Amino acid sequence: SRRRQRVMSWRGCQPRCRRWSGGWVPCLALALGWALGWALGTTPPHRCRPDPALLPPPLRRLPGPAMLRAALPRLRGGWSPCQLYRYRDSGTGTPRPNGTGPCTRGWHYTLPSAGLRSNIWDLVCSSRWKVPLEQTTHLLGWMLGSVTAGLACDRFGRRLAFVVSLVLAVPLGIGVALAVNFTMVLVARLLFGAALAGAFLSLYVARLELCDPPHRLGVTMVAGFFWIAGELLLPGLAVLCHDWRVLQGAVTMVLALLAACWWCPALLVESPRWLLATQQLERAKKTLQALAETSGPNPEGDSRHHQSLLAELESLSEGSPQPQFHTVCEIFGTRVIWKNGVILGFAAFIGSGIRHCFTRNLAPHLPRFFSSYFVLVGTEAAACLFLCATAERFGRRAILLLCTVLTGISSLLLLALTQYLLDLIVLTLSVVAITASHAVTMLSIFFASEVLPTVIRGAGLGLVVGASFVGKAAAPITAIPNSRGFFLHHLVFASFAILAVLSIMLLPESQGRSLPQSLRDGESQHRPPLFHRHPREDHLPLLAPHTTPPDY
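In our numbering, the protein residues as written are 8 to 559.
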């Protein structure tokens, strides 16, 4: 009956939804670990502690408020954060300051807008450069972790790389929370970022390879919304924890719980696509059989396709073929794959690096941590929604080109006309450009995952994601010398954005296409006309073209 068919169809969808959820929920915890750097890098409100030794004898016995007025310069926003008055010796008359100097007795801190007591090593004033140094080191860890995890994905498997990275993140997170000096924080945050990046990349690849062409974009964008939800949870968690060590410990415990639960293969199976591409036919047979068994009853009779696929795998594995693994060095011997990887890595680098040029314009309008943080996360959510609505309809290449053009034009307008435009126009252009740059980064990474062949998808995507983190590191790097290179940074990235527009035209279109398996498949991709739509390939064989099994 029709009711029975609906029930059986629902039972068949449950395992697929469980597998998709297994690729979505970890994004919450990984986003908490990523956004932790935003809260830790917030400078708490502070002022110098008055030093009675610098005051003339008549002023040393003043009560608290009067001593503050005598010792600290008054600025428009409150007390000076880094200067104390200096007095010259005068025997008669009212003492008057004749200059200012640095703090001599430390600083008095109030609870920062991020809700954390985080500045225990006085990383302010002359030591403020250490904060962007820590942020740069953490992003370097994400870059190194992406590259390393990509190599591990292609050699040892997606699931193993994810679980190992997640397990390593737990002791490294505890090490950050227990750090006793700034050097230990630098090293621990570097390794912690590398472990989180490894988990992120391997999960991204595994989730993508378990999807059929019509669902790849949707499943990836839902994972992006889970990531955004994790970023939105971070400020509330920071307010509850108050201390940065407690917050780091709380995030680490979430990662430990995630590692304990995701050890179960039912939540994240090994990619059968990778097993087939590397000739691990026996493992592929077991994985596909497990997927078929957990899919429940199928009213469409697809069990015959599963049986024929397993029979073909059985015949192919009779000769006990040896696994064939590929290295990232093989990318350099290709032409089309190398070109696609370089262009998409360059686009991801531009989208991440140019964003700092626009967020800087928001600072005068959004001085508080929460307001600026939520606006940035909101633009990320808007970029996800935009890609969901357009990338499947108009194609990856056209939308990537559109977002890059928006980013480049906004950058050039702000670079040349900021002093002549109204504040509202500058703010609007900045928000649009931030949203477009988010879309460029997300779509570049997703596009790369679709055009890179399975045998080197992990390593190739690791290089593309690593390039995006190098772009993100441009913001703290320019902040180390007190933003003296900001104009040059903006000019260089605006020029790069125009160059990226031209190079994106050379990319193929991956919408509705099967994922390339071998290097030969990757090399056979050609550049179509910009707005030409390919016929969809919703039912693609895993092995031979004469079989027509459904997507898994």
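The beta-carbon is built from N, C-alpha and C at its ideal position, and this holds for glycine as well. Computed from a predicted structure; not experimentally measured.
- Residue pairing by DSSP leaves L151 without any beta bridge partner.
- The C-alpha of S525 lies about 20 Å from the C-alpha of G352.
- Here P139 is not near P371, since their CB atoms are 8 Å or more apart.
- G71 counts as exposed, since fewer than 16 other beta carbons sit within 10 angstroms of its beta carbon.
- Between the beta-carbon of I511 and that of A354 there is about 7 Å, and that keeps the pair under the 8 Å contact cut.
- A straight-line Cα-Cα distance of about 39 Å links L254 and L298.
- I361 is not a Cβ neighbour of A486, given a cutoff of 8 Å.
- A direct Cα-Cα distance of roughly 7 Å separates I235 from A38.
- Going by beta carbons, H53 and H115 fall inside the 8 Å limit.
- Taking the Cα positions, L91 is about 49 Å away from P33.
- Around L175, the same chain offers A202 as residues with beta carbons nearer than 6 Å, after the five sequence neighbours per side are excluded.
- For W45, the closest alpha carbon among the candidates G478, W128 and T143 is that of T143.
- A residue is called buried when at least 16 other Cβ atoms come within 10 angstroms of its Cβ; Q331 does not meet this threshold and is exposed.
- Comparing alpha carbon positions, the residue from L193, L208 and W128 closest to R165 is L208.
- Residue environment: R81 is assigned as exposed (fewer than 16 neighbouring CB atoms within 10 Å of its CB, all protein chains considered).
- Taking one beta carbon from each stretch, the segment 181-198 and the segment 493-503 have fewer than 3 pairs nearer than 8 Å; the two do not touch.
- Under the three-state reduction of DSSP, C336 is assigned to helix.
- Going by DSSP, P483 is part of the alpha helix (DSSP H) stretching over A481 to A486.
- Within the model, the alpha-carbon separation for G385 versus G465 is close to 29 Å.
- G478 and I357 do touch by the CB rule: their CB atoms are close to 7 Å apart, below 8 Å.
- Taking a cut-off of 8 Å on C-beta distances, the segment 519-534 touches the segment 451-471, as three or more cross pairs fall below it.
- Closest option to A42, judged by alpha-carbon separation, among L470, L509 and L239: L239.
- Look at the beta carbons and you see the segment 128-137 touching the segment 183-191: at least three pairs across the two are nearer than 8 Å.
- Apart from sequence neighbours up to five positions away, the residues of its chain that approach G348 with a beta-carbon distance below 7 Å are I338, A455, L459, G467, L470 and V471, ordered along the chain.
- Rounded to whole angstroms, L428 and M260 show a C-alpha spacing of 48 Å.
- Where N105 is concerned, there is no enclosing alpha helix (DSSP H), although the beta strand (DSSP E) around it starts and stops at P104 to P109.
- Rounded to the nearest angstrom, the gap between the Cα atoms of A230 and G402 is 20 Å.
- Using a Cβ distance threshold of 8 Å, T111 and D58 count as a contacting pair.
- Each residue's CA atom was taken as its position, placing L147 and T155 some 12 Å apart.
- Counting only residues of its own chain and dropping the five nearest sequence neighbours on each side, L130 has a CB closer than 6 Å to the CB of K137 and V138.
- Counting along the chain, the unbroken alpha helix (DSSP H) around Q255 starts and ends at W251 to C268.
- In the structure shown, W345 adopts helical secondary structure according to DSSP, grouped into three states.
- Cα atoms of M228 and C89: separation of roughly 45 Å, rounded to the nearest angstrom.
- For W41, the uninterrupted alpha helix (DSSP H) run begins and ends at P33 to L47, by DSSP.
- The DSSP-derived three-state label of R135 is coil.
- A Cβ-Cβ distance of about 7 Å is found for the pair S451 and L407, placing them in contact under the 8 Å criterion.
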